[in-house]
Amino acid sequence: MTSTLTKAQILDWLQAVKDPEIPTISLVDLGVVRGVDINEASGAVSVHLTPTFAGCPAMDYMKRDVERTLREHGIEQVHVDISLREAWSSDMISDAGREALRQHKLSPPPVLGNVVFDLDFLEYAECPNCHGHNTELRTPFGATLCRAVHYCYDCRQLFEQFKPV
Amino acid sequence: MDPKLDLLYRLADDQLILGHRNSEWNGLGPILEEDIAFSSMAQDKLGHSLQLYGLLHALGEAEPDTVAFTRNAPQFHSCQLVELPIGEYDFSLTRHFLFDHAELLRFEALATSSYEPLAQVARKLRGELKYHALHANTWIKRLGTATDEAIERMQVALNFTLPYALGIFEKTEAEDEIISSGLFIGEDELQSRWLTSITKVLGQTALTLPDFTTVTPVLGGRHGQHTEHLQPLLDEMAEVFRLDPTADW
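Taken in order, these protein sequences are the chains called P and C.
Once you know that position 130 of the first sequence is 130 in full-length UniProt numbering, the rest is easy, because the numbers rise by one and skip nothing.
Once you know that position 223 of the second sequence is 223 in full-length UniProt numbering, the rest is easy, because the numbers rise by one and skip nothing.
The structure is reproduced here in structure tokens:
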């Protein structure tokens, strides 16, 4: 391993690791990758992941994909840990990640910032098809834990949203 | 029992047992969306129990799978509310409403627990629990303002479920220490917040909350006393695990 290995390089490689159920978004842009540490002496790389939802069944796949990808780039010692030290929030999805969700026809969650996250907030979504806001939450539970189902009154289609949390 | 263990077992066991009950709606929901909703909440709750059993494991208790699948009913600290069979949808919905309002408020309070690992888990879970409360509110308001039959059935379910729901707040011998050490605000405070919360939603319906002075809480679950429904649930849940406890899944 050369001494030029940087966190930026690792994060760039990890852009290739996508969410197993949303193939357009990387774990980095989803905010699931929370940190990278490089041990200068041994060349070992530690990657810290956090789940979007506590019961997410895809975490083991994500861990395996991160390990495999870094090994393919010649890193022999890869350590991936998963914790809730820094609880995931949908605000951790990057701008590029929001665009990647739209490409997959998933409405990105609204940015919460410092607003009070009350129950009314969960009902808002932008339609990923026509970008209309005349929408209604049909059910907060969709095909996966992280998705809700909304209906758009403008283009009259059901659509899925990545839930704000 | 150590106050941390005492509190964590109650939290984790509630999640595991209600998670299992919710999963029993898989394939049986009155409409497809409800089938998916109860199945999703089941998955959430099993995930929540796993996080909490993980905290117990870090404190020296056995592995999460061992704790979940090898104990018998008297070793469970869940309230009796969560072990009751799913019954009709009116009961399951009412249980979900009464339980998840308490759960959301509980984890909001635990987000500032003096026990930092628990506070971290709580900060994660409270966001997810908002969806459970939202789901319950939607249906309680819809059915609680619908036809006479719907209102009548929801009222009967509420009257039946309330004594069990009060058992959520059953205290243990560790209660004083749990409060004084800043682990948790305590069950009395939680119950008072819960009452405010459910009253607000029920006030938007034709349903009436029974007078608490006429209701006897169903207690015992926190001390290992359970109905005849818990052991069969555990036997079914652990059936595959017990075939080969050492199997690597």
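The beta carbon of each residue, even a glycine, is placed where N, CA and C say it ideally should be.
Taking the beta carbon of Gln120 of chain C as reference, the chain P residues within 7 angstroms of it are Leu84, Arg85 and Ala87, listed in sequence order. Taking 7 angstroms as the cut-off, the Cβ atoms of His57 of chain C and Arg10 of chain C do not count as close.
At a Cβ-Cβ threshold of 7 angstroms, Ala44 of chain P and Gln77 of chain P count as neighbours. Counting the other Cβ atoms within 10 Å of the Cβ of Gln51 of chain C gives 16 or more, which makes it buried.
Residue state for Ile93 of chain P is assigned as coil, using DSSP reduced to three classes.
Look at the stretch 138-150 of chain C: it has no residue with a C-beta under 7 angstroms from a C-beta of chain P.
Close CB contacts of Lys130 of chain C within its chain, under the 7 angstroms cut and outside five residues either way in sequence, are with Leu104 (chain order). Relative to Thr24 of chain P, the option among P:Leu101, P:Glu126, P:Asn129 and P:Phe121 whose CA is nearest is P:Leu101. Scanning its chain for C-beta atoms nearer than 7 angstroms, with the 5 sequence neighbours on each side dropped, one finds around Glu24 of chain C the residues Ile86, in chain order. Between Ile179 of chain C and the set C:Leu16, C:Glu239 and C:Tyr115, the nearest pair of CA atoms involves C:Tyr115. Annotation: Thr227 of chain C is outside any alpha helix (DSSP H) and is labelled neither H nor E by DSSP. Boundaries of the beta strand (DSSP E) harbouring Leu158 of chain P: Gln157 to Phe162, taken from the DSSP string. For Leu46 of chain C, the nearest beta carbon of chain P is closer than 7 angstroms to its own beta carbon. Only exposed fits Trp249 of chain C, as fewer than 16 other CB atoms lie within 10 angstroms of its CB. Distance check between Leu230 of chain C and each of C:Asp2, C:Ala165, C:Lys4 and C:Asp14 places C:Asp14 closest, using alpha-carbon atoms only. Counting of Cβ neighbours within 10 angstroms places Asn137 of chain C among the buried residues, the total reaching 16 or more. Within the stretch 104-154 of chain P, complete beta strand (DSSP E) segments of at least 3 residues are found at 135-139 and 147-152, given in chain order. At a Cβ-Cβ threshold of 7 angstroms, Ala102 of chain C and Gly144 of chain C do not count as neighbours. A straight-line Cα-Cα distance of about 28 angstroms links Arg242 of chain C and Ile36 of chain C.
Gly60 of chain C has its alpha-carbon roughly 35 angstroms from the corresponding atom of Ser92 of chain C. Within the same chain, Cβ atoms closer than 6 angstroms to the Cβ of Val47 of chain P are found at Val36, Val66 and Val80, the five residues on either side in sequence being excluded. Interface with chain C (7 angstroms Cβ-Cβ cutoff): Thr139 of chain P is included.
Contacts with chain C at 7 angstroms (Cβ-Cβ) include Gly55 of chain P. For the stretch 101-129 of chain C, the set of residues with a beta-carbon nearer than 7 angstroms to any beta-carbon of chain P comprises Gln120, Val121, Arg123, Lys124, Leu125, Gly127 and Glu128, in chain order. Judged by their CB atoms, Thr161 of chain C and Thr94 of chain C are nearer to each other than the 7 angstroms cut-off. Pro140 of chain P sits away from His226 of chain C, with the two beta carbons spaced by 7 angstroms or more.
Taking each of C:Ala62, C:Arg142 and C:Leu46 in turn and checking the Cα distance to Val201 of chain C, the smallest one comes out for C:Arg142. Nearest in C-alpha terms to Ser42 of chain P, of all of P:Glu123, P:Thr135 and P:Ile75, is P:Ile75. Here Trp13 of chain P has Thr69, Leu70 and His73 as same chain residues with Cβ atoms under 8 angstroms from its own Cβ, once five neighbours each way along the sequence are excluded. Around the beta carbon of Thr52 of chain P, 16 or more other beta carbons sit within 10 angstroms, so the residue counts as buried. With respect to Ile93 of chain P, Leu27 of chain P sits apart: the two C-beta atoms are not nearer than 7 angstroms.
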